[in-house]
Amino acid sequence: MGFQHICDFIFTGRNHFQKMKKQIANWGNYPVIEANEEYFSFPDRLRELILKENGFIPRGNGRCYGDASLAKTTISTLKFDKILSFDRQAGIFECQSGLTLDRILDVIVPSGWFLPVTPGTKFITVGGAVASDVHGKNHHIDGSFSNHVLEMDIVLASGETISCTPGIHGDLFEATCGGMGLTGVISRVTFRLKPIETSFIRQKQVKAGNLEELIRLFEEYREYTYSVAWIDCLKKGPHFGRSILMLGEHAGVKELDPKRQNDPLQLPKKKQVNFPFNLPSWVLNPFSVRAFNFLFYSKNFKKEINNVIGYEPFFYPLDAILHWNRGYGKKGFVQYQFVLPLESKRGLVEILHRISDKGLGSFLAVLKVFGKQESIISFPKEGYTLALDFPVKPGLLEFLDELDRIVLQYGGRLYMSKDARMKPEILQHGYPDLEKFKDIVRKYNPDEKIRSIQSDRLLLTTN
Amino acid sequence: MATVLILGATSDIGMAIARKFASGKFDILLAARKPEQLQPLESDIHIRYGVNCRSVAFDALQYGSHSEFFSSLQPKPDISICVFGILDDEEQAFNDWHLTERMIHTNYTGGVSILNVIAKYYIARKKGTIIGISSVAGDRGRASKLIYASAKAAFTTYLAGLRNKCFKDQVHVMTVQPGFVYTKMTENLPLPKLITSTPEEVADLIYKAYLKKKNIIYVKWFWRYIMLIIQCIPEFQFKKMKL
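Respectively, the protein sequence lines represent chains A and B.
The first sequence begins at 0 in numbering that gives the first Met the number 0 and counts up one residue at a time.
The second sequence begins at 0 in numbering that gives the first Met the number 0 and counts up one residue at a time.
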């Protein structure tokens, strides 16, 4: 490295040791691609970019797991992040699409409001929440995020901006919720918030010795607003499916410690630990995962725990460790999430058996019961949904193809936000309204200007 | 409550500074050529931080309007931050006087014009802070930033002189020398991650430096030493280098 190189590097940013294009990946670090990232702060610039670029996908904070928001050109909404209005009486919030949920919570919680639906991370944008139509622990009561959206603006491939509601330009609205950004760039969203008395959650954790018991418990506690279970899916025999069911309700002021009652809507202190580097991939092996799961299960000494905790540890336990995805090593991981109809409990058992037989390892296996939902392309539908992480290693993709077949056989489907590898026919069979979705995409994105690696792979866009 | 005037508020650094000072409970006055673009930022700042925020029209190149612009401001800002600047394609500018002129006037003349007006007011009042955003590029002239660097050098020198002139009247002038920052200005340059800041980092450092009444800050700190080394290269060697 000569002196000239150093000066070049410092003065012009030209770097002879680095490729020109940026490498980007979503949360699973798989796949990694070269892309040209564009940003905008004002609507004029967005329009200009849309008219100029051919073959791009809008991108938020890159927290979907696979390749849904990857393309050779991405248009990032992250600088388009202004709060436009917040009605503190009615609980209605309006913002530009690049605003992340953590920033929203900072503003709404002290005023006695909460997100109507939140996924397991607060580091996603509002645009992403709509495009993936995210769900939370309260799906069986409150549905998915789009249920609470009152209105949004979408900038189409033609550069035109359309405001839509479920009633006005209803087809565009419906295909944009869960549509993975293919209808246009979501630029503004107005949604309804949920009133809270305190920023705390009254939590109940119940241990289930096996899967049968867990499903019974879900049924027994169905009245709880929030519910989710963590399953140890490596356990075999009589303890197959041992798990912890986590339930919660927003706590009332009277349920708090006296000292917290003075400031019931306090925000949590900002503290985060960073995962500084990628763990070598051998660190995650059946033994270490088993040990982790053992500790996780055994830390709950009693059958049932009842306590009051802040909303962060309840909703966002993993956000406390920035870049926790690095724990899966440089090769990345795939998150596999599917939903099976309620009557297909046997499918759930079969898939869990396959996984524990294979020993491919998963830190987290998260089970939740979805309520009913009518939509054309959103993932949730009534049934059991299970999400698992698999570090990328040889044989994994073949194994997941096997699981796909079981999911289909039992009438289930996969979540596109998590997906990096499913075959187009799996999507086709899982989503009965897929053709209707494609028609709407063709109507608003006729030249397929807006497309992602995922949409090409799944044949949502052609060639 | 104290008010901050941000000249060039549609820039990435301008918007980040506005939010940072608003989080410190300052009222915010955003000045830009197209103030109507700033309405979302106004509501954002007002909702998040509960401070007043409004936008006014300001054109750095309309020198004749500067005096009237400032006298029309009500209330008058306690802190004025000059953020505007422009980086055009240097090769094109070399061949096109209009581009060269625009770069010089935006980065230098316009700043001098408005800051003279503001400084006069602060001196008379014996109170006030002026913060000017210049660039490390101005620390040594070179081929690839011919016009931009020379205009920023002039602006840096102006700020130093202004600091000296205003000192006895309790008016503080701070010079900010950012290195690489991820902004609209640099979005097509592949910048080395390690030495590039985000606009939010720049705004944080400016706010902290303001509280400590610093004279000159480099963002980030190591740029001071990088530029020191570059200034130490003897001219007979420097002129041969492709920079």
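Note that CB positions come from ideal geometry on N, CA and C, so glycine has one too.
At a Cβ-Cβ threshold of 8 Å, Leu72(B) and Ser54(B) do not count as neighbours. Cβ proximity to chain A below 7 Å picks out Gln36, Pro39, Leu40, Ser42, Asp43, Ile46, Arg47 from the stretch 22 to 49 of chain B. The alpha-carbon of Leu246(A) is positioned some 24 Å away from that of Asp262(A). Met415(A) counts as buried, since no fewer than 16 other beta carbons sit within 10 angstroms of its beta carbon. As the crow flies, the alpha-carbon of Lys78(A) is around 18 Å from that of Ala21(B). Phe85(A) belongs to the set of residues whose beta carbon lies under 8 Å from a beta carbon in chain B.
Residue contact check for Phe41(A) against chain B: a CB pair falls below 8 Å. Where Ile80(B) is concerned, the enclosing beta strand (DSSP E) starts and stops at 78 to 81. Counting of Cβ neighbours within 10 angstroms places His97(B) among the exposed residues, the total staying below 16. Within chain A, no residue has its beta carbon less than 9 Å from that of Glu200(B); the closest one is some 15 Å off. Using beta-carbon distances, Asp87(B) does not count as an interface residue toward chain A, since no partner is under 8 Å. In this structure, Val129(A) places its C-beta atom within 8 Å of the C-beta atom of Ile185(A).
The DSSP-derived three-state label of Lys367(A) is strand. Across the structure, Asp256(A) and Asp141(A) are spaced so that their CA atoms are roughly 28 Å apart. The Cβ atoms of Leu396(A) and Arg420(A) lie closer than 8 Å to each other. According to DSSP, residue pairing for Pro390(A) in a beta bridge involves Phe332(A). The beta carbons of Asn35(A) and Lys448(A) sit no closer together than 8 Å.
Interface with chain B (8 Å Cβ-Cβ cutoff): Val106(A) is included. Under the Cβ distance rule, Lys81(A) counts among the residues neighbouring chain B, one pair being separated by less than 8 Å. Ile200(A) is a Cβ neighbour of His249(A), given a cutoff of 8 Å.
Within 10 angstroms of the beta-carbon of Ile439(A) lie 16 or more other beta-carbons, which makes it buried. Bridge pairing for Pro57(A): Ile74(A) [DSSP]. The C-alpha of Ser198(A) is placed about 48 Å away from the C-alpha of Asn106(B).
Gln372(A) has a beta carbon lying at 8 Å or more from every beta carbon in chain B. Against chain B, the beta carbon of Gln95(A) has neighbours under 7 Å at Pro39, listed in chain order.
Secondary structure of Cys176(A) (DSSP, three-state): coil. Under a 10 Å Cβ-count criterion, Pro445(A) is classified as exposed, with fewer than 16 other Cβ atoms of the shown protein chains found around its own Cβ. The Cβ of Glu186(B) sits closer than 8 Å to at least one Cβ of chain A.
Our two residues, Val218(B) and Val180(B), have alpha carbons roughly 9 Å apart in a direct line.
Per the coordinates, the alpha-carbon of Glu381(A) lies some 12 Å from the alpha-carbon of Ser143(A). Residue pairing by DSSP places Asn35(A) opposite Thr72(A) in a beta bridge. Within the stretch 161 to 236 of chain A, the complete alpha helix (DSSP H) segments of 4 residues or longer fall at 169 to 175, 210 to 219, listed in chain order. In this structure, the beta-carbon distance from Asp26(B) to Val50(B) falls below 8 Å.
Only residues of its own chain outside the window of five on either side were considered, and among them Val252 have a CB closer than 7 Å to the CB of Gln260(A), listed in chain order.
In the three-state scheme derived from DSSP, where H, G and I count as helix and E and B as strand, Val440(A) is classed as helix. With a cutoff of 8 Å on beta-carbon distance, Val106(A) and Phe85(A) are scored as near each other.
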